[in-house]
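Quick note on my numbering: the sequence shown kicks off at 341 and runs consecutively.
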Amino acid sequence: MAIVERVFSGVQPTGNLHLGNYLGAIVNFVKLQETHNCIYCVVDLHALTQGIDVWGGPAELTRNTREVTAAFIAAGIDPKKHIVFNQSQVTGHAELAWLFNCVARVGWLNRMTQFKEKAGKDRENASVGLYDYPVLMAADILVYRATHVPVGEDQKQHLELSRDIAQKFNNDFGDSIRSHGHNEGIYFPLPEPLITGPATRVMSLRDGTKKMSKSDASDNSRINLTDDADTIAQKIRKAKTDPEPLPTEEKGLEPRPEADNLVGIYAALAGVTKQAVLQDFGGGQFSSFKNALVDVCVAKLAPIAGEMKRLVADPGHVDSILNEGANRARVIADETMRATKDILGLIRQR
Ligand code: TYM
């Protein structure tokens, strides 16, 4: 029983989908459709892990789940050829997360930097779900025995944890795995992160040392996928820069986080390298580069925003895509849950 190559990734429905989510993740989701079987998930259970001020409450969660689905489709994901669904519709995610809770070690979770960032100073008051977030992530991926996971740079550590969980499960239950027909003693693949492209970590437009984020208080720090052309133009023109002209060589960007970020964004949107961007704009002032950046940004994002608007106006249609995707996802997840229960010795209905 060979492991097939399969892509899985997820996006949280916590509002304000931005250019970082698009360039760091969604653009790569679209590309991978050509070479892999892909499963793309709106991770609504993950959205619940933070305070209600972040996930927005029930009505917002529903709205945001549809909006992320719309963004997937508007960006070019084909829900007929691949699977698009929301996490809570497939119970295998939460069920496998429990089993993995008994494999993952407290020491591993204590090292997770995102928990520390998100919990902030008041760690005692963070939800248990926020602490367990990366274990549910491992379950998301491994319930489909996915082999490749396109994500932004910030998810690298979580992916390492998924690999550790898969490895420990395979080691701890190797004999049982073999006796259930997997002769190499491997049931879960070690998922590989795919962190690719010139914009794996898009930074805030207000501060080149901070990640572009949904939760930044300043809306000017990010370009939202729903922003119209005028808003995009304004935000880019206001973006922080430094007084020097753009360098002609990529290494000249190293000590200049804001310049590096804008050049990276341009390169990712235009589908070229940073060096190619500097060949065109190096030595020039930011103002003319910013005008070109506005053009490329609007040309890419405006059609997506338009299509998202059209899709969210028909929630019945979006929900039917999610339901159909969930039905297909469930077939794979159920099969993994049956095999995992057998490997662990849990009696199940036959
Ligand atoms: P979320 O919704 O926070 O982010 C979704 C994706 O966007 C990427 N991203 C960025 N990339 C570049 N620059 C940025 N500034 C930036 N901000 C966000 C994230 O890396 C991510 O790829 N934990 C995941 C959701 C998840 C998941 C999974 C992913 C849940 N289960 C299983 C992969 C596999 C997350 O960060 O969501």
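Ideal Cβ placement from N, Cα and C applies to all residues, glycine included. Predicted, not measured: the structure shown is a model, and the values here were computed from it.
Rounded to the nearest whole angstrom, the C-alpha separation of A539 and I605 is 6 angstroms. The Cβ atoms of N368 and L530 lie no closer than 8 angstroms to each other. It is roughly 12 angstroms from the alpha-carbon of E493 to the alpha-carbon of M552. The C-beta of A557 has fewer than 16 other C-beta atoms within 10 Å across all chains shown, which makes the residue exposed.
Its chain contains P585, T588 as the residues whose beta carbon lies nearer than 6 angstroms to that of G623, once the 5 sequence neighbours on both sides are disregarded; these appear in chain order. According to DSSP, residue pairing for V424 in a beta bridge involves Y380. Inclusion of P474 and L449 in the CB contact set at 8 angstroms is warranted, their separation being smaller than that value. Listed in chain order, the non-local C-beta contacts of N441 below 8 angstroms within the same chain comprise D472, V475, local neighbours out to five positions each way being set aside.
In this structure, N377 places its C-beta atom within 8 angstroms of the C-beta atom of H422. In chain order, H488 place their CB closer than 6 angstroms to the CB of E532, counting only its own chain and leaving out the 5 sequence neighbours on each side.
Distances from the CA of E590 to each of K580, Q615, F629, A608 were compared; the closest alpha carbon is that of Q615. Taking 8 angstroms as the upper bound for CB-CB distance, D480 and G350 are in contact here, some 6 angstroms apart. Scanning its chain for C-beta atoms nearer than 6 angstroms, with the 5 sequence neighbours on each side dropped, one finds around G548 the residues P597, E598, N601, in chain order.
Membership of H657 in the alpha helix (DSSP H) is indicated by the continuous run 655-684. Membership of R518 in the alpha helix (DSSP H) is indicated by the continuous run 514-519. With 16 or more neighbouring CB atoms inside 10 Å of its own CB, V347 falls in the buried class. Proximity to F629 across A573, L662, A653 peaks at A573, based on C-alpha coordinates. For E435, the uninterrupted alpha helix (DSSP H) segment begins and ends at 432-441.
Remark: C-beta atoms of N560 and R546 approach each other more closely than 8 angstroms. CA-to-CA, the gap between S555 and K458 works out to about 10 angstroms. In its chain, beyond the 5 residues on either side, L530 have a beta carbon closer than 7 angstroms to the beta carbon of Q507. By the neighbour-count definition (other C-beta atoms within 10 Å, threshold 16), T453 is an exposed residue.
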